[in-house]
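What follows is a set of notes on a single structure, which appears directly below.
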Amino acid sequence: MRPWNFSAGPSVLPVDVLEQAAREMLDWHGSGMSVMEMSHRGKEFMQIRDEAEQDLRDLLQVPDDFAVLFMQGGAQAQNAIVPMNLLGLAGHNQADYVVSGSWSKKSFKEAQRYGDVRLAASSEASTEINQQTQAGFSWFPTPDTWEVRATSSYVHVCANETIGGVEFNDWPLLSVPLVVDVSSNILSRPIDFSKVDMAYAGAQKNAGPAGLTIVIVRKDLLGGASEYCPSAFNYDLVAKSQSMFNTPPTYPIYMAGLVFKWLKTQGGVAAMEQRNQQKSELLYRYLDSSDFYHNQVEPSVRSRMNIPFLLAKPELDALFLAEAEKAGLLQLKGHKSVGGMRASIYNALPLAAVEALVAFMKDFEAKHG
Ligand code: PMP
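Okay, here's the thing in structure tokens:
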């Protein structure tokens, strides 16, 4: 058996997908070619691309008036590509950003280079919630507190802060378009496209390998890119060319396509949501019952995907990681900016992985607590 892999990303992929890719490595479906060796304009790759898009549309129930784009540059490139494409829409070069952790803070900073970009709300300072002090970036600013300008072209939010472990999904119906970074929770739960006008994600967590960026955008937001937007990053040109404006990341698209087919065999996004809820509850329940481990995120916005936790004795961090690795539990080290541990439990990790983690943590606590 392979060890359980808790990496935040690039992260675990379904074994079935890796095995299928291995079988098809030298000869895809009798074509005599590896997917990596095919022209992106040939009929074989066009089939792979079309099926990947359709499967993604089916899984997320993407409405027909949305374009699905397969791009490159990762989510951080979108921090610039979003404003270059959307800032001009309402004619004022304005947008508002909700900052709820490290990733949305980066998005906000980068966007400021392109126009009049302001904070709608921020959770960077600590606050009181239910008589508890919540540390900065361990809570989410509720939509009733957002300051959104009527003249803004869009509001940007991050659905799941991968480092802080803060997830929010109860989006308001805004009068300006809502753009959501779903890099670390795409396909783990439904996206309500009646409230979300654009969603984007680097693929390397829940959707496939690194190298592919997924953009799902309402078609009537296309066509307003600024003069200086690179053509290859102009949503309208990318949409019009079926993501073939330039050579797309063919192998990552193929791999993501295999992940989408795997998800369908597992019961789709609804089944994943249920499973992710079960997995995360198991770990949170244990964390809350223990004085040895601690998760500081406000309970109503705890992430189902990325669960950071601290040891009461930080001097044991290195030992915890070394023993976890020996027990077949990989990549549990927390992000360098916050320290401690982080268990990322994406779609491809089954409940058994979280059960193994909790059993290990109990054992470690019994020995060192
Ligand atoms: N947003 C979120 C929520 C992320 O988790 C990450 C990567 N961990 C990024 C943005 C940046 O993604 P990329 O490395 O693909 O630029």
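The working numbering runs 17 ahead of the 1-based position in the sequence shown. For each residue, glycine too, the CB sits at the ideal point set by N, CA and C. Bear in mind the structure is a predicted one, so any value in this text is a computation, not a measurement.
Less than 6 Å between C-beta atoms, sequence neighbours within five positions excluded: which residues of the same chain meet that for residue i?
i      : result
Met55  : Glu61 and Phe62
Asn16  : Because the chain in this structure spans residues 18 to 386, residue 16 falls outside the shown range and cannot be described.
Val174 : Val115 and Val197
Glu290 : Arg206
Glu127 : Asn96 and Ala97
Gln129 : none
Leu333 : His385
Asn110 : Leu104, Gly132 and Asp133
Ala84  : Val234, Lys236 and Ala256
Ala329 : Phe309
Asn263 : Ala249
Leu254 : Ser248 and Phe262
CB-CB under 8 Å to residue i, same chain, minus the five flanking residues each way: which ones, in chain order?
i      : result
Ala167 : Ser192 and Val193
Leu30  : Gly225, Pro226, Met272, Val276 and Ala365
Val172 : Ala112, Asp113, Tyr114, Val115, Ala137, Trp163, Val165, Leu191, Val193, Pro194, Leu195 and Val196
Met50  : Asp44 and Glu61
Ile146 : Trp156 and Glu315
Leu106 : Ser170, Tyr171, Pro194, Leu238 and Gly241
Leu299 : Leu368, Val371, Glu372 and Val375
Arg319 : Gly182, Val183, Glu184, Ser297, Tyr301 and Asn312
Pro331 : Gly356 and Gly357
Assuming residue i contacts residue j (C-beta within less than 8 Å), just tell me the rounded distance between them.
i      : j      : result
Met261 : Leu238 : Not really, about 21 Å apart at Cβ, beyond 8 Å.
Trp120 : Asp187 : Between Asp187 and Trp120 the Cβ distance is about 19 Å, and since that is not below 8 Å, they are no contact.
Thr179 : Ala25  : 6 Å
Val314 : Val183 : 6 Å
Phe326 : Met358 : 5 Å
Ala137 : Val115 : 5 Å
Leu76  : Gly285 : 6 Å
Pro20  : Leu346 : 7 Å
Phe154 : Ser117 : 7 Å
Asn223 : Tyr363 : 5 Å
Tyr252 : Leu43  : So it is not a contact: roughly 36 Å between Cβ atoms.
Gln279 : Val34  : The identity of residue 279 in the sequence shown is Trp, whereas the question assumes Gln. Contact flag correct, Cβ pair sits at about 5 Å.
His46  : Thr267 : In fact, because the Cβ distance is near 15 Å, the residues do not count as touching under 8 Å.
Ser297 : Ile324 : 6 Å
Met361 : Gln221 : For the sequence presented, residue 361 should be read as Ser rather than Met. With a Cβ gap of about 11 Å, Ser361 and Gln221 do not count as contacting.
Ile208 : Ala218 : That belief does not hold up - the Cβ atoms of Ile208 and Ala218 are roughly 10 Å apart, past 8 Å.
Gln151 : Thr144 : 5 Å
Ala92  : Ser200 : 4 Å
Tell me which same chain residues have a C-beta within less than 7 Å of the C-beta of residue i, skipping the five on either side of it?
i      : result
Gln9   : Because the chain spans 18 through 386 in this model, residue 9 falls outside it and cannot be assessed.
Phe381 : Phe337 and Glu340
Gly108 : none
Asp72  : Gly274, Phe277, Lys278 and Lys281
Ala38  : Met272 and Leu275
Val213 : Trp188, Leu195 and Val197
Glu68  : Gly274
Run the proximity test for residue i: is its beta-carbon closer than 7 Å to any non-hydrogen atom belonging to ligand 3?
i      : result
Ser201 : Within the structure as shown, ligand 3 is missing, the only ligands being ligand 1.
Is there contact between the segment 259 to 276 and the segment 212 to 232, where contact requires at least three CB pairs shorter than 8 Å?
Output reads yes: the segment 212 to 232 touches the segment 259 to 276.
Complete runs of the beta strand (DSSP E) confined to the segment 331 to 368 [at least 3 residues]
Within the segment 331 to 368, the complete beta strand (DSSP E) segments at least 3 residues long are 358 to 361, listed from N- to C-terminus.
I'd like the ranges of any alpha helix (DSSP H) spanning at least 4 consecutive residues and lying wholly in the segment 30 to 74.
List check, alpha helix (DSSP H) in window: 32 to 40.
If you pair each beta-carbon of the segment 295 to 315 with each one of the segment 360 to 379, do three or more pairs fall below 8 Å?
Touching, yes.
What are the complete beta strand (DSSP E) segments, minimum 3 residues, inside the segment 179 to 204?
Qualifying beta strand (DSSP E) stretches, in chain order: 195 to 198.
Where in the segment 108 to 174 do unbroken runs of the alpha helix (DSSP H), each at least 4 residues long, occur, reported from the N-terminal end onward?
If one requires a minimum length of 4 residues, the alpha helix (DSSP H) runs lying completely within the segment 108 to 174 are 119 to 128, in chain order.
Check whether the segment 138 to 158 touches the segment 335 to 354, taking contact to mean three or more Cβ pairs, one atom from each stretch, closer than 8 Å.
With the rule of 3 Cβ pairs closer than 8 Å, the segment 138 to 158 does not count as touching the segment 335 to 354.
Three-pair Cβ contact test at 8 Å for the segment 100 to 119 versus the segment 128 to 136:
With the cut-off at 8 Å, the segment 100 to 119 and the segment 128 to 136 touch.
At 4 residues or longer, what runs of the alpha helix (DSSP H) sit wholly inside the segment 227 to 259?
Runs of the alpha helix (DSSP H) lying entirely within the segment 227 to 259 and spanning at least 4 residues, in chain order: 252 to 257.
Contiguous alpha helix (DSSP H) assignments of at least 4 residues, all confined to the segment 276 to 319
Segments of the alpha helix (DSSP H) lying fully in the segment 276 to 319: 285 to 306.
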